[in-house]
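Per the working numbering, the sequence shown starts with residue -3, numbered consecutively.
Below is one structure, written out as structure tokens; comments come after it.
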Amino acid sequence: MSVLLDVQHLHTRYGRVEALSDVSVQVPQGHIVSVIGANGAGKTTLMNSVMGILPSQGELLYAGETLRGVPLEGRVARGISLVPERRELFASMSVADNLTLGAYTRRRGHWRADLDEVYARFPRLLERRSQLAGTLSGGEQQMLAIGRALMGRPKLLLLDEPSLGLAPLIVRDILRIVRDLRDSGVTVLLVEQNARASLAISDEAYVLETGQVKMSGPAQELARHPELSASYLGG
Ligand code: ATP
């Protein structure tokens, strides 16, 4: 089993405050790895550090090569794509235009095929391709944010709280989409507060607490862990 993303001893600080201290996370190729933890545990900071949006110390190996000195665009070009927590869609632009913007690193001709693929995966987005993104439902906006990230043909998808603010039924749809993506070969690092639902679709999981890894292991084992169950899974 090869490791696609190997985060080793990562430290990220905001000024004098260390938000991540000595965090190590391994994401095997073709797996879903989830990072769970309370508000402020450092989950978004981890995603932004991997993406190169935040400077960090420690080692980040991607497909066996260091990401040190590789800027955000270079990481995107290597196949890493982030779906940010607040989705960050262009609300006053159409669904189609939001998707097309996701392909900015790709040559014309390629992105046409990518667009068809995204529409095949999300028929709802095809139906609504002319609708303004800001008028979509929360679940549709999350699909659009994921669709836009897929336009870059990522090998590694970083998903920051895709279920945020969504109703339970929609959360299930979104997590099913994440599982389908994994089954089609995309490796996923998933950040979720919705611990039980994310463990159910994950291969491995890490629990972050105040910037440190408190627990890690196969997702099914963690789902049965008594301590985790009491603090994160509602007993
Ligand atoms: P949430 O689930 O609420 O999004 P999180 O696990 O993603 O939380 P982070 O957003 O990574 O947590 O925040 C980790 C810590 O870093 C928190 O204590 C937060 O207050 C702090 N922090 C985050 N962003 C900044 C910033 N721009 N400046 C200073 N401190 C920050």
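Heads up, the beta-carbon is just placed ideally off N, CA and C, and yes, glycines get one too.
Just so we're clear, the structure is a prediction, and the values are computed from it rather than from any experiment.
task: With distances taken Cα to Cα, identify the nearest neighbour of D93 among E84, R125 and P119.
output: To locate residue 93, count along the sequence shown from 1; it is residue 97. Comparing Cα positions, the closest option is R125.
message: Is N35 a contact residue of the ligand ATP, with contact defined as CB to any heavy atom under 6 Å?
response: Working through the sequence shown from its first residue, we reach residue 35 at position 39. Taking non-hydrogen atoms of the ligand ATP into account, the C-beta of N35 is found less than 6 Å away from one of them.
query: Can you round the beta-carbon distance between Y202 and V21 to whole angstroms, since I take them to be within the 8 Å contact cut?
result: For the purposes of this step, residue 202 is taken as residue 206 along the sequence shown, with counting starting at 1. For the purposes of this step, residue 21 is taken as residue 25 along the sequence shown, with counting starting at 1. Between V21 and Y202 the Cβ distance is about 6 Å, and since that is below 8 Å, they are a contact.
task: Using beta-carbon positions only, say whether S17 and Q208 come within less than 7 Å of one another.
output: Sequence index remark: in the sequence shown, residue 17 carries index 21 (1-based). Sequence index remark: in the sequence shown, residue 208 carries index 212 (1-based). Contact flag set, yes.
- request: Can you have a look at S194 and say buried or exposed, based on whether 16 or more other CB atoms are within 10 angstroms of its CB?
  value: Translated into positions along the sequence shown, residue 194 becomes position 198. When all chains shown are included, S194 counts as buried.
message: Looking only at its chain, what residues have a beta carbon closer than 6 Å to the beta carbon of Y58, apart from the 5 residues adjacent to it on each side?
response: Taking the sequence shown and counting its residues from 1, the one referred to as residue 58 is at position 62. Closer than 6 Å at Cβ, skipping near neighbours: L1.
message: Please tell me whether, using a cut-off of 6 Å, the distance from the CB of K39 to the nearest non-hydrogen atom of the ligand ATP is below it.
response: Walking along the sequence shown from the start, residue 39 turns up at place 43. Result yes, Cβ under 6 Å from the ligand ATP.
task: Kindly confirm or deny that the stretch 148 to 157 and the stretch 76 to 85 touch, where touching means at least three C-beta pairs closer than 8 Å.
output: yes
query: What residue range is occupied by the uninterrupted alpha helix (DSSP H) comprising T41?
result: Position 45 of the sequence shown, counting from 1, holds the residue named residue 41. Its alpha helix (DSSP H) spans residues K39 to M47.
- request: Between the Cα of I28 and those of Y115, G213, E200 and E205, spot the shortest distance and give me the residue it belongs to.
  value: Translated into the one-based positions of the sequence shown, residue 28 becomes position 32. Residue E200 is the option with its Cα nearest to I28.
task: Could you name the residues of the same chain whose beta carbon sits closer than 7 Å to that of L140, not counting the 5 residues immediately before and after it, in chain order?
output: Stepping through the sequence shown from its first residue, residue 140 is reached at position 144. L85, V91, N94, L121, A129 and L132, listed in sequence order.
Chain-order list of residues whose beta-carbon lies under 6 Å from that of F118 (same chain, five-residue window excluded): For the purposes of this step, residue 118 is identified with residue 122 of the sequence shown, where counting begins at 1. So the qualifying residues of the chain are M139 and G143.
message: the ligand SAM and Y10: does the residue's C-beta get closer than 6 Å to at least one heavy atom of that ligand?
response: Absence of the ligand SAM from the depicted structure is noted, with the ligand ATP being the only ligands included.
message: Please state the DSSP three-state secondary structure of M139.
response: Counting from 1 along the sequence shown, the entry for residue 139 is found at position 143. Looking at M139 - three-state DSSP - the assignment turns out to be helix.
field: Given K210 as reference, the closest of T8, G33, V3 and L6 once Cα atoms are compared
entry: Counting from one through the sequence shown, the residue named residue 210 turns up at place 214. The residue with the shortest Cα to Cα distance from K210 is G33.
query: By a C-beta neighbour count over all protein chains shown, 10 Å radius and 16 as the cutoff for buried, is G36 buried or exposed?
result: As a position in the sequence shown, residue 36 is number 40, starting the count at 1. Exposed: under 16 other Cβ atoms inside 10 Å.
message: Only counting the same chain, and skipping five residues up and downstream in sequence, which positions put a Cβ closer than 6 Å to that of G224?
response: Taking the first residue of the sequence shown as 1, we reach residue 224 at position 228. With the sequence shown as reference, residue 224 is identified as Leu, and Gly is not the correct amino acid for it. Closer than 6 Å at the Cβ level, and outside the excluded window around L224, lie L218.
field: Check: A15 C-beta below 6 Å from any heavy atom of the ligand ATP
entry: What you label residue 15 is simply residue 19 of the sequence shown in a count that begins at 1. Yes, the Cβ of A15 comes within 6 Å of a heavy atom of the ligand ATP.
- request: Please classify Y10: is it buried, with 16 or more other beta-carbons within 10 angstroms of its beta-carbon, or exposed?
  value: Taking the first residue of the sequence shown as position 1, residue 10 is located at position 14. When all chains shown are included, Y10 counts as exposed.
- request: Give the range of the beta strand (DSSP E) segment to which Q216 is assigned.
  value: Taking the first residue of the sequence shown as position 1, residue 216 is located at position 220. It is not in any beta strand (DSSP E) - Q216 instead sits in the alpha helix (DSSP H) that spans A215 to A219.
message: Quick check on S88: buried or exposed, where buried means 16 or more other Cβ atoms within 10 Å of its Cβ?
response: As a working note, residue 88 is residue 92 in the sequence shown. So S88 counts as exposed.
query: Taking DSSP as the reference, what is the three-state secondary structure of G70?
result: Mapped onto the sequence shown, residue 70 falls at position 74. Helix.
- prompt: What residues in its chain sit with their C-beta under 8 Å from that of A15, if we drop five residues either side in the sequence?
  reply: By 1-based counting over the sequence shown, the position of residue 15 is 19. Within the same chain, A15 has close Cβ partners T8, R9, G38, T41 and G207.
query: For L48, is the classification buried or exposed, using 16 other Cβ atoms within 10 angstroms of its Cβ as the cut-off for buried?
result: As a working mapping, residue 48 is identified with position 52 in the sequence shown. Residue identity differs from the one stated: residue 48 is Gly in this sequence, not Leu. Per the 10 Å Cβ criterion, buried.
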